[in-house]
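Residue numbers for the sequence shown, in this note's numbering: 432 to 837. Heads up, the beta-carbon is just placed ideally off N, CA and C, and yes, glycines get one too. Everything below concerns the one structure shown next.
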Amino acid sequence: MNAPDAPQASAAASHVMNTYGRLPFALSHGRGCRVWDSDGKEYLDALGGIAVNTLGHAHPKLVPALQEQIGRLIHCSNYYQMPLQEALAAKLCELSGLANVFFCNSGLEANEAALKLARKFGHDKGIVKPEVIVYEKAFHGRSIATLSATGNAKVQAGFGPLVEGFVRVPLNDIAAIEEVANTRPNVTAVFLEVIQGEGGVNPATVEYLQAVRRLCDENDWLLMLDEVQCGIGRTGKWFAHQWADIRPDVMPLAKGLGSGVPVGAVVCGPRAATIFGPGNHGTTFGGNPLAMRAGVETLRIMEEDGLLENAAIVGDVLKAALQRELGALPGVREIRGQGLMIGIELEPPCGVLLGRAAEAGLLISVTADRVIRLVPPLILSAAEAEQIVAILAPLVREFLSENRSA
Ligand SMILES: Cc1ncc(COP(=O)(O)O)c(C=O)c1O
């Protein structure tokens with residue numbers, strides 16, 4: 432396929448706001464887990480648009496469905512009945528065991544809605560200054576409220592005053608959250624990622640998740656699980672919390688839900704399903720027919736093609752291969768994660784590996800300074816998993832040996 436006539440961007444002449452450190456190439460097109468840049472160079476995609484391209488690129492079942500939808504109706508308004516919203520909401524409720532859904536456009540929007548639910552839940556029972564328990568190293572987005580909930584000083588720097596009403600605790604520390612339960616009567620919700628993504632691929636343990644669920648029940652708090660990055664099949668179950676056999680009251684989703692088409696959702700259980708009434712929340716684009724069709728088709732294709740099983744099986748292959756090639760290396764602290772959400776934590780900061788991997792034909796990310804993050808499409812094959820490791824492992828070895836001798 433020829434690259435479309437994209438204007439050649441030069442950093443000096445760019446009119447795009449400078450908010451990202453971008454690599455010096457533009458992706459032109461993709462197929463499956465491969466993408467090509469405008470010079471024709473091929474890359475293996477172990478990033479999936481940061482856990483977004485669930486079905487990879489140009490999926491042969493998704494593309495015609497979206498083309499058909501674009502030709503029919505892209506957007507109307509939430510003034511009208513939306514059969515596709517009903518269809519996607521029903522499917523999300525079936526898969527999660529929850530009750531109803533509000534649709535929006537992104538992860539931070541889903542999280543904003545969750546935070547509004549937590550506050551109104553408090554107001555409805557007479558708590559006028561509700562508080563939400565949030566986490567060290569958490570990431571929930573870059574709006575003022577969600578960056579205030581985020582546990583990363585770099586994300587917050589320059590944007591004070593932060594939104595008040597958050598109490599922060601360390602992940603997987605049951606005593607710390609019990610202490611909050613005993614001392615803060617205004618808490619109305621606990622808000623956490625089941626596996627912290629941007630914070631370095633840090634999983635909440637099953638034991639911790641079950642303890643938090645119990646505390647929420649005992650204290651009449653909402654359990655709000657941000658599954659924006661770890662949800663939609665990535666860990667080998669539809670939602671990562673299902674490994675702990677618990678149910679949240681509120682579950683924000685986004686990223687992988689539309690397989691690349693922007694869509695966010697807040698899925699609510701019975702305790703949260705009627706907190707919002709008419710006029711309490713809204714969005715122009717949220718739930719539009721194109722986004723809804725993308726969600727419906729993504730989930731349908733995932734089921735048809737067995738992508739949960741694939742994520743679990745190929746995730747194990749990927750982790751085992753990483754362990755085999757890198758696990759014993761001095762300078763590799765830990766290889767962790769579940770399914771196709773894997774982090775490799777190194778001792779030195781390793782942001783430089785992003786560009787080196789791209790040069791070698793592999794797309795990855797580095798997060799929390801030291802963690803190589805792999806969140807490929809869920810269609811990844813075992814052979815492609817081995818190929819990721821075949822490209823990545825020598826780069827990591829070389830990088831660590833440079834850092835040892837430096
Ligand atoms: C767990 C989590 N929540 C929320 C967000 C924010 O999502 P968005 O970038 O779509 O606003 C992200 C993005 O990385 C995320 O990983």
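Should residue i be labelled buried (16 or more other beta-carbon atoms within 10 Å of its own) or exposed?
| i | result |
| --- | --- |
| residue 494 | exposed |
| residue 759 | exposed |
| residue 491 | exposed |
| residue 679 | buried |
| residue 819 | buried |
| residue 617 | exposed |
| residue 686 | buried |
| residue 825 | exposed |
| residue 750 | buried |
| residue 521 | exposed |
| residue 804 | buried |
| residue 796 | buried |
| residue 566 | buried |
| residue 701 | exposed |
| residue 645 | exposed |
| residue 506 | exposed |
| residue 651 | exposed |
| residue 449 | exposed |
| residue 827 | buried |
| residue 768 | buried |
| residue 440 | Summary for residue 440: the model assigns pLDDT 49, below 50, so the residue's position carries little reliability, and this model does not support an answer. |
| residue 622 | buried |
| residue 711 | exposed |
| residue 504 | exposed |
| residue 790 | exposed |
For the alpha helix (DSSP H) that residue i lies in, which residues bound it at each end?
| i | result |
| --- | --- |
| residue 830 | 813 to 836 |
| residue 781 | Run containing residue 781: none; DSSP gives neither H nor E here. |
| residue 744 | 738 to 757 |
| residue 482 | 479 to 482 |
Over the uninterrupted beta strand (DSSP E) stretch that includes residue i, give me the two end residues.
| i | result |
| --- | --- |
| residue 772 | 772 to 777 |
| residue 473 | 473 to 476 |
| residue 681 | 681 to 684 |
| residue 494 | Here residue 494 belongs to no beta strand (DSSP E); instead the alpha helix (DSSP H) covers 493 to 503. |
| residue 797 | 796 to 798 |
| residue 724 | Here residue 724 belongs to no beta strand (DSSP E); instead the alpha helix (DSSP H) covers 720 to 735. |
| residue 805 | 802 to 805 |
Which partner residues does residue i have in the DSSP bridge list?
| i | result |
| --- | --- |
| residue 469 | According to DSSP, which records beta bridges pairwise, residue 469 is partnered with nothing at all. |
| residue 460 | 467 |
| residue 454 | Residue 454 is not bridged to any residue. |
| residue 767 | 774 |
| residue 634 | 626 |
| residue 562 | 618 |
With a threshold of 8 Å between beta-carbons, can residue i be considered close to chain B, or not?
| i | result |
| --- | --- |
| residue 486 | Of the chains in the structure shown, none is chain B; there is only one protein chain. |
Quick one: does the C-beta of residue i sit closer than 7 Å to a heavy atom of ligand 2?
| i | result |
| --- | --- |
| residue 677 | Within the structure as shown, ligand 2 is missing, the only ligands being ligand 1. |
Going residue by residue through the region 564 to 631, where are the continuous alpha helix (DSSP H) segments of at least 4 residues, counting only ones entirely within it? 575 to 580, 584 to 587 and 605 to 614
At what residue ranges does the region 506 to 558 contain a whole run of the beta strand (DSSP E), taking only runs of 3 or more? 531 to 535
Just list the alpha helix (DSSP H) runs in the region 636 to 700, keeping only unbroken ones of 4 residues or longer that don't cross its boundaries, in chain order. 637 to 650
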